[in-house]
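Protein chains in written order, with the numbering used here: chain E, 86 to 435; chain Z, 86 to 435. Here a beta-carbon is modelled for each residue, glycine too, at the ideal position from N, C-alpha and C. Computed from a predicted structure; not experimentally measured. To start, the structure under review is shown below, and the notes come after it.
There are 2 protein chains.
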Amino acid sequence: MQTIDERASVPEARIKNMEEFSAISGISRPTVSKYFHDPESVRQSTRKRIEKALERYDYRPNIFAMNQNRKLTKNVGIVVPLLADPYFAEIARNLEQRCIDAGYRPTLFSAHGDPDLEVEVLENLRSLKPAGVLLAPLGRASHRDALAKFCDDVPTLIFDSSVDEMGIAFVGSDNFQFTSHITDYLCRTGEPPCFFEMKTPANPNAHRRRQAYLKAMEAFGHAPQVISVDGEGWAFEEIGRLGGHEALTNKQFSTNTILCSNDRLAIGLLTACYEQGVKVGRAPDCAIRVAGQDGHPNSRYTCPPLTTISHDYDAVSKHAAETLLEAIEGHVSPWKSTRLEGKLILRDSA
Amino acid sequence: MQTIDERASVPEARIKNMEEFSAISGISRPTVSKYFHDPESVRQSTRKRIEKALERYDYRPNIFAMNQNRKLTKNVGIVVPLLADPYFAEIARNLEQRCIDAGYRPTLFSAHGDPDLEVEVLENLRSLKPAGVLLAPLGRASHRDALAKFCDDVPTLIFDSSVDEMGIAFVGSDNFQFTSHITDYLCRTGEPPCFFEMKTPANPNAHRRRQAYLKAMEAFGHAPQVISVDGEGWAFEEIGRLGGHEALTNKQFSTNTILCSNDRLAIGLLTACYEQGVKVGRAPDCAIRVAGQDGHPNSRYTCPPLTTISHDYDAVSKHAAETLLEAIEGHVSPWKSTRLEGKLILRDSA
DNA sequence: ACATTTTTTTTACGCGCGTAAAGATTTACT
DNA sequence: AGTAAATCTTTACGCGCGTAAAAAAAATGT
């Protein structure tokens, strides 16, 4: 490499591609390519030369061209059902960080609550040639066959909500434990709870929670009561609020304690209670107790702050990311489901 | 094109690229390429033949390879400061939809509240060769020069929070009008408000709102009072809660009405009020009134529901998307700032 | 100083698709 | 039927980079 590009004397000259950069740095393109793949893989002296050039010209390889012809990419896709829900935003961010720390390039997608968009996202994801993907399916509404076909083609770890035995593994929370645990707490500290849920929940975890509630109540020798409210879609708070109004008006709650299927529903219910002047909490002057499930980011700021059982965000995302990355790196193992326990968060609502 | 690929008889044969697809469809690759660029651009009969093949083999072009050598792509990047904030999630989704409807391919990114990540995201965005980008900067913490350089290279519309006179235009809300309007409302319906804000707000809109508050109070002939609470970062609710506790304990509020700089701060303040047993609302038995600003998705579900002045989400995102897409399509015009008025949303908190 | 090992350079092709140009084919139209 | 216009096929190159193989150069060891 003898020729030094004349433009090297003009600091502002923008480097368009690796070819140009290799010219001004005086290092051959394949070596430069190697450097960007792993800076440690080239000799110390050439690394210095490259980095010196890098200081003067802020060239960066085109990430999409990079992946075009690579055997194994470092891309991982993260797909959640609905980014507008802070719960998913939170866990997605957590997963992103773990991927970055492990040297991977995460890209985040949301299905925006729409099953068609979910498969659309997955189809587009193929173009990224991802080494793997972390997928939280929409749930009930997901197009099973499309997801399954995707999982056949690219290493996919399912998290949050499981759909059949898809992908390389499932990591999520132990919904039975969630509901049993908080039901137990509620029974020990006051009247046994009734269960407040959506009639047609978007996601299979809700079914598990109802089952766990019924079983727990039976075990404790109490009569269960399930209130299933109408409502489709992902506007859980509004569904909870409207359903709450109806249930309160018709005096459908058989006890003074209400366990909600999830925190967002509980938030809506709390609003309904407020609007009807029903005081919520565990103080003597309160009419009812309300508890949620999920440990939603907003649950701390309701009035009263919501007693709930929280996902172990860190543990779930850690286990999910590690399992996927191990699989990517060749660690083969049979399909496995891991469900982590939740932690009870005691606040003023119950 | 005489040779029909033998694999055509095996329906399951996966098509790897456009070459293979053109073979089994019997149409030349350039024509197939043209079809995918715009199905209307090929003759009706060939379009049918392609679509018939498409039914048997679900081939889709690689979107990243597509953009590799295109003069003008249909990509648009959408960058928000923090996806975990439902406000941004909401507006981002709105923008995405508008881009899709206009025939563009939006991709969503979040800076996750980190200025370094913000420039990182923009650098990576370059690889996408976007036709344009919709950028809501972090604000105060943003690396101005990096953003400016990016705006020089790719058509960028700034929204939500303006940073200098960057990009092709700014579209956001009229923060002066916001605060003037709601201050006016509060003054007319009770005691004039004091102003509750963060000492070092993340985003320049906060300054405008404080100024507007001061000016409005002066205009109405009332003495203003600004309570600035400590706190860094994006955990506004917690900052509002802690600051609220301190202000309540020290009796810093000079009137019974508190206008918060934004809804998330207000949500935290409401929690502090609850925790101190201070009743909020406009009913006779309430101690204070609290109002927010933004029309945050959660504001409907606080207890009491939060009176606020809401962004016109639809109008902002519509104007932002249209302005960018017009610019992309050749419509040149000088830099311009558009600030849309907000709508007062009366609820129970004030 | 020599041979050996490690690293770099050259050369060349591939990824999946855009795109331009010239020729062949098909359509539309008088 | 004949001509012009529209569309398609062929051929060829480009985008920005990965990667393999052979040759050249540099570092290492004795």
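Close-in-space but distant-in-sequence residues of the same chain around residue i (CB under 6 Å, 5 per side omitted)
| i | result |
| --- | --- |
| Leu180 (chain Z) | Ile163, Leu219, Ser402, Ala406 |
| Asn341 (chain E) | Glu276, Ile373 |
| Leu207 (chain E) | Phe235 |
| Ser339 (chain Z) | Cys279, Gln310 |
| Leu223 (chain Z) | Pro166, Ala196, Pro200, Glu203 |
| Pro191 (chain E) | Val161, Ile163, Glu181, Cys184 |
| Ser247 (chain E) | Phe255 |
| Lys421 (chain Z) | Ala254 |
| Ile328 (chain Z) | Sequence check: residue 328 (chain Z) is Gly here, not Ile. Cβ within range, chain order: Val314. |
| Lys75 (chain Z) | No statement about residue 75 (chain Z) is possible, as the shown extent of chain Z runs from 86 to 435 and does not include it. |
| Gln87 (chain Z) | Unreliable positioning characterises Gln87 (chain Z) in this predicted model, as indicated by a pLDDT of 36, which lies under 50. A coordinate reading is not provided. |
| Val95 (chain Z) | Note that Val95 (chain Z) scores 44 on pLDDT, short of 50, meaning its location in the model is unreliable; the coordinates nonetheless yield the value given after this. Excluding positions up to five away in sequence, the list is empty. |
| Ala412 (chain E) | Pro240, Ile253 |
| Glu322 (chain E) | Arg349, Ile352, Gly353 |
Per-residue burial, residue i [other beta carbons within 10 Å of its own, 16 or more giving buried]
| i | result |
| --- | --- |
| Gly353 (chain E) | buried |
| Ile185 (chain Z) | exposed |
| Val417 (chain Z) | exposed |
| Lys159 (chain Z) | buried |
| Thr274 (chain E) | exposed |
| Pro419 (chain E) | exposed |
| Tyr344 (chain E) | Sequence check: residue 344 (chain E) is Leu here, not Tyr. Classification for Leu344 (chain E): buried. |
| Leu157 (chain E) | exposed |
| Gln129 (chain Z) | exposed |
| Thr347 (chain E) | Sequence inspection shows Asn at residue 347 (chain E); the Thr mentioned does not correspond to that position. Burial call: buried. |
| Asn288 (chain Z) | buried |
| Gln378 (chain Z) | buried |
| Ala304 (chain Z) | exposed |
| Ala308 (chain E) | exposed |
| Gly380 (chain Z) | buried |
| Ser126 (chain E) | exposed |
| Pro390 (chain Z) | buried |
| Gly415 (chain E) | exposed |
| Arg178 (chain E) | buried |
| Arg326 (chain E) | buried |
Close-in-space but distant-in-sequence residues of the same chain around residue i (CB under 7 Å, 5 per side omitted)
| i | result |
| --- | --- |
| Asn260 (chain E) | Asn290, Arg293, Arg294, Ala297 |
| Ala233 (chain E) | Met251 |
| Leu431 (chain E) | Thr392 |
Own chain, CB closer than 8 Å to residue i, minus 5 neighbours either side, in chain order
| i | result |
| --- | --- |
| Leu333 (chain Z) | Ala357, Cys358, Gln361, Val363 |
| Thr423 (chain E) | Ala254, Phe255, Val256, Gly257, His404, Thr408 |
| Gln337 (chain E) | Ile312, Glu331 |
| Gly271 (chain Z) | A small fix is needed here, since residue 271 (chain Z) is Leu in this sequence, not Gly. Here the set comprises Pro277, Pro278, Thr342, Leu344, Arg374, Ala376, Ala435. |
| Arg229 (chain E) | Val248, Asp249 |
Compile a chain-ordered list of the residues in the stretch 200 to 215 of chain Z whose CB is closer than 9 Å to at least one CB of chain E.
Glu208, Asn209, Arg211, Ser212, Leu213, Lys214
Which ranges would you report for the beta strand (DSSP E) in the stretch 353 to 395 of chain E if only whole runs of at least 3 residues count?
374 to 376, 393 to 395
May I ask you to list, following chain order, the residues of the stretch 151 to 185 of chain Z that have a beta carbon less than 7 Å from some beta carbon of chain E?
Gln153, Leu168, Ala169, Pro171, Ala174, Glu175, Arg178
Every unbroken alpha helix (DSSP H) within the stretch 220 to 277 of chain Z, with a cutoff of 4 residues, ordered by chain:
229 to 238, 260 to 274
Could you please tell me which residues of the stretch 340 to 360 of chain Z, in chain order, have their CB closer than 7 Å to any CB of chain E?
Ile352, Gly353, Leu355, Thr356, Tyr359
I'd like to know if the stretch 115 to 134 of chain E and the stretch 98 to 111 of chain Z are in contact, where contact means that at least 3 CB-CB pairs between them fall below 8 Å.
no
So within the stretch 289 to 314 of chain E, which uninterrupted beta strand (DSSP E) runs reach at least 3 residues, ignoring any that extend past its ends?
311 to 314
When you check each C-beta in the stretch 388 to 414 of chain E against every C-beta of chain Z, which residues fall closer than 9 Å?
Cys388, Pro389, Pro390
Just by C-beta distance, which residues in the stretch 130 to 145 of chain E are closer than 8 Å to chain Z?
Arg145
Residues of the stretch 293 to 322 of chain Z in Cβ contact with chain E at a cutoff of 7 Å, in chain order, please.
Glu322
For the stretch 187 to 201 of chain Z, which residues have a beta carbon sitting closer than 7 Å to at least one beta carbon of chain E?
His197
Under 8 Å (Cβ pairs) to chain Z, residues found in the stretch 229 to 261 of chain E:
none
Could I get the ranges of all uninterrupted alpha helix (DSSP H) runs contained in the stretch 127 to 157 of chain E, with 4 residues as the minimum, in chain order?
129 to 141, 148 to 153
Given a limit of 9 Å on CB to CB distance, which residues of the stretch 322 to 339 of chain E reach chain Z?
Glu322, Glu323, Gly325, Arg326
Residues of the stretch 373 to 387 of chain E with Cβ closer than 8 Å to any Cβ of chain Z, in chain order:
Pro382, Asn383, Arg385, Tyr386, Thr387
Within the stretch 312 to 338 of chain E, ranges of the alpha helix (DSSP H) (whole runs, at least 4 residues)
321 to 334
Where are the beta strand (DSSP E) runs, 3 residues long or more, that stay fully inside the stretch 171 to 227 of chain Z, in chain order?
190 to 195, 217 to 220
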